[in-house]
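Presented below is the structure to which this report refers.
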Ligand SMILES: NC(=O)C[C@H](N)C(=O)O
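In UniProt numbering, the protein residues as written are 1 to 491.
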């Protein structure tokens, strides 16, 4: 089992394992689990072995090595890779090979990580179960009848299955934190702008953010260090100092830290009582480490989901207009030359009708409607105003607390098929996660126990913008006092 990136680095430094041996183990684990879990859309076996050989050769020659030397990393298939396909799990991009690497991918390569392949996801990151992928569902390693969550379901499942210690996901409305919670791993959405979006295929540009997934906080910190930082080619990238996140993980003394517990969560109808219990348990753990627990209210939290599901589809409808079969993406074979709109419009319409799945089409239609003349003020502009109020709630809350504690999800992993026919039910999976995206804040999902069926429960910590260090410090303290992140699925 390839559990810990830091451990793999140490084993290589001590001469106990080579990078090639590690990558061979990762590839054989993927081979064993791909049929049952389907975490990957593409496995780059040859390139990975070559990259590992280069690491071993550098080490043998005494050359300096990056901090992720010889560590296999899986990358969500929404990030551009010059030597592998980038499909966004959509027929639309089935044959797309980007001419360049996303900045985060270049940074992984510069850190001597070994990119093992691309992971399955909801089509264009739209969904919460990885069931909208055009390339088959991904299954949860804890129970293969259940979803791993989404949209970064493959990225979470390949870590939970023990194939790789690290993966990169993206989070627009919870897509890192919710699958991390469902798969019993640790996943972090950094501050909007902390990690470059250059080479991330855009879904909702004001919300999208790349982030690390791993079993435990020290590995998440290590991966965040490798990918964070200013990037002039992303106009929303923040030109801010990147701290050494691993440095804050030495102490578990939380004295002086105020943790706000979000009480609305406990009052929300339909939330699994086991999840509320896990949040309360976690509050006690933090308290035992010296933190002060305060009660917090975010008065506009009931508007998070409706606001997100106006803004995200609006941005998606604009971003996805580029896939017309001419500029980008799948092109139809059956242009209607006699169409009353002419052959060009027919080519656009048919290419898009064939290339996109139904959830993507639904969002494009919703977004186009909400942006259309006569409705934009009522929906889009209104949603932007509410977004401001939501941000204001967080600002006020962070006057009273240093971090916020709450659930990640209203339920643990649900059965495949249970929600896919009911978009509203699927959208409600994002009840507790979209706030951080709307406000641009960093947030982390941590394993916090299991429900009666043995499925993992996640808790969430949220911090003010750019306070990833504070988030990781408290998250690591939690993991020094608990062993939930050491639980493994028994497959
Ligand atoms: N992309 C995300 O962060 C997932 C969210 N459930 C959505 O469908 O938009």
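Ideal Cβ positions, reconstructed from N, Cα and C, are used throughout, including at glycine.
Distances from the alpha-carbon of residue 30 to those of 161, 129 and 60 put 161 closest.
Boundaries of the beta strand (DSSP E) around residue 292: 292-296.
Excluding the 5 residues flanking it on each side, residue 254 has same chain C-beta neighbours closer than 7 Å at 286, 289, 290, 291, 474 and 477, in chain order.
Per the DSSP secondary-structure output, residue 262 pairs in a beta bridge with 296.
Residue 85 and residue 284 have their C-alpha atoms some 46 Å from each other. In the assembly as shown, residue 385 is an exposed residue. Its beta-carbon has fewer than 16 other beta-carbons within 10 Å. For residue 449, the enclosing beta strand (DSSP E) has its first and last residue at 443-450. Closest option to residue 41, judged by alpha-carbon separation, among 277, 91 and 262: 91.
Of the candidates 150, 401, 60 and 240, the residue whose Cα lies closest to the Cα of residue 123 is 150. When 191, 398, 412 and 307 are compared, the shortest CA-CA separation from residue 468 is found for 191. Put simply, the backbone Cα of residue 142 is about 34 Å away from that of residue 198. Distances between the C-beta of residue 110 and the heavy atoms of ligand 1 are all 6 Å or more. Between ligand 1 and residue 288, a heavy atom-to-CB distance of less than 6 Å is absent. Inter-segment contact for the segment 452-461 and the segment 167-182 is present: three or more beta-carbon pairs are separated by less than 8 Å. Exclusion of residue 101 from the 6 Å shell around ligand 1 follows from its C-beta lying no nearer than that to any non-hydrogen atom of the ligand. Residue 78 carries a coil assignment under DSSP once its states are collapsed to helix, strand and coil.
Contact annotation: residue 71 and residue 8 have beta-carbon atoms nearer than 7 Å.
When only Cα atoms are considered, residue 354 and residue 326 end up about 14 Å apart. The residue among 51, 420 and 433 with its C-alpha nearest the C-alpha of residue 303 is 433.
Shown here for residue 113: same chain residues with a beta carbon closer than 6 Å to its own, the five before and five after excluded, namely 68, 71 and 73 in chain order.
At least one heavy atom of ligand 1 falls within 6 Å of the beta-carbon of residue 126.
By the C-beta density criterion, residue 256 is exposed, having fewer than 16 other C-beta atoms within 10 angstroms.
Per DSSP, residue 12 is one residue of the alpha helix (DSSP H) stretching across 5-13. With respect to residue 26, residue 11 sits apart: the two C-beta atoms are not nearer than 7 Å. The alpha-carbon of residue 96 is positioned some 25 Å away from that of residue 139. In the pairwise beta carbon analysis, the segment 234-249 is classified as not touching the segment 391-407: fewer than three pairs are separated by under 8 Å. For residue 151, there is no enclosing beta strand (DSSP E), as DSSP marks it with neither H nor E. Here the C-alpha atom of residue 231 lies approximately 42 Å from the C-alpha atom of residue 269.
Here residue 479 is not near residue 167, since their CB atoms are 7 Å or more apart.
Proximity of the beta carbon of residue 175 to ligand 1 is indicated: a heavy atom of the ligand is located closer than 6 Å. From the listed residues 272, 390 and 356, the smallest Cα separation to residue 414 is found for 272. Residue 88 sits in coil when the DSSP states are folded into three classes, being neither helix nor strand. Distance from the CA of residue 466 to the CA of residue 189, rounded to the nearest whole angstrom, comes to 11 Å. With distances taken between CA atoms, residue 99 lies nearest to 328 out of 328, 488, 374 and 416.
Put simply, of 252, 251 and 194 the residue whose alpha carbon is nearest the alpha carbon of residue 226 is 194. As a beta-bridge residue in DSSP terms, residue 189 pairs with 443.
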